[in-house]
Structures are given as C-alpha cells and as structure tokens.
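Using this note's numbering, you'd call the opening residue of the sequence shown number 246 and step up by one each time.
Presented below is the structure to which this report refers.
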Amino acid sequence: MENLWAPWRIDYILSTKPKGCIFCDKPAEKKDEDNYILYRGKYHFIILNAFPYNNGHMMVVPYRHTATLAAWAPEEQQEMMQLADLCVELLKKTMQPDGFNLGINMGLVGGAGIADHIHMHIVPRWNGDTNFMPVLSDTRVISEALQATYGKLKEALKELKIHQ
246 MENLWAPWRI DYILSTKPKG CIFCDKPAEK KDEDNYILYR GKYHFIILNA FPYNNGHMMV
306 VPYRHTATLA AWAPEEQQEM MQLADLCVEL LKKTMQPDGF NLGINMGLVG GAGIADHIHM
366 HIVPRWNGDT NFMPVLSDTR VISEALQATY GKLKEALKEL KIHQ
C-alpha cells in the first residue's frame, strides 16, 4: 500500500483560523487571481489549495455554506462532479500526472481542515511523488509557486474554451 504523508498539515489544522469562512469570503472579494480562484460556475468555484499536498492541488467548493451533501439539488451535485472532471482535464493538460486522488473530508475527525464548508479535493499524483522529505524532515517539496501553477491552469482553461 502506498501512503500520501502530509505531516506539515498539522500546522494548518492546529493554527488559529481567521473569523468567518474563507470559502465564503474569498469569492465575495472578487479578487480571483489573488485568491487563486480558477473558475466560477453557477453553484461552485474551483480554487487552488493554499496548503497543497502536491503541485496543482485544487478544490471544488460550493458557494452555499454547508457542511454536508444533504439536500443538494441534482444540478448542484452534477456541477460539482463536472468541475472535478474539469480539474482533472486541466491537470492532465498542464502537469501530466500519473493519477489523481479525489475526495471530500467531512467533519474534523474525517480530516476536514474547514469542516463547516464542504469541498472536494483534486490532488494530482505522480509515480514516486511520496519521498523522504516529509518523512525524515517534516518538509514538503512543492516545486512550483502557486502563482505559476495558477497561470498555467488559467491558460489551459482558455485553450479548452471553457466560458464563465
């Protein structure tokens, strides 16, 4: 069994969180590039994870502040999956990963860093991407700045002719 170790995440999990909800606040600011919001759909948006497990780690987040999938309309469910698929296509086009992890962490015990606002993670994976750095030195290697990754993905979005 292969494991994806992310011991640095505990710093984020235990840190003091700002007031409010970042998943509500960021899209309301209308500063998509500064906030790494890549795409806005009708019910959800795509944002780069500011604390990524790997380069290109994105999230699909509903605009609606909710902690569960309960009572979602079929079109909300459908858009989340469509945007997750769009994330996979963008990452294939720009970063050529060997695979992906897609998932929703519900509740603090389930691993959710932001438990009150559900979101889906899309994490690109490469053969051998789990290495000795996080295991031995509690250090992660993210080889590209978020701004550079954002630029690549935004350009690929234009090439796919996805309209917002």
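Glycine included, every Cβ here is placed at the ideal spot set by N, Cα and C.
Please work out which residues of its chain come closer than 8 Å, Cβ to Cβ, to Leu391, disregarding the five sequence neighbours upstream and downstream, and give them in chain order. Tyr281, Leu293, Ala295 and Pro297
Do Ile367 and Phe345 have their CB atoms nearer than 9 Å? yes
Note down the Cα distance separating Leu331 from Thr261, rounded to an integer number of angstroms. 33 Å
Below 8 Å, can you find three or more Cβ-Cβ pairs linking the stretch 331 to 343 to the stretch 306 to 316? no
Could you check the C-alpha separation between Asp361 and Ile349 for me, to the nearest Å? 12 Å
Would you kindly work out how many angstroms separate the C-alpha atoms of Gln322 and Pro307, rounded to a whole number? 10 Å
Would Arg288 and Met325 be called neighbours here (beta carbons separated by less than 9 Å)? One detail in the question is off: residue 288 reads as Tyr in this sequence, not Arg. Yes, the pair counts as a contact, with Cβ atoms nearer than the cut-off.
When you compare only the Cα positions, how much space is there between Lys271 and Asp277? 8 Å
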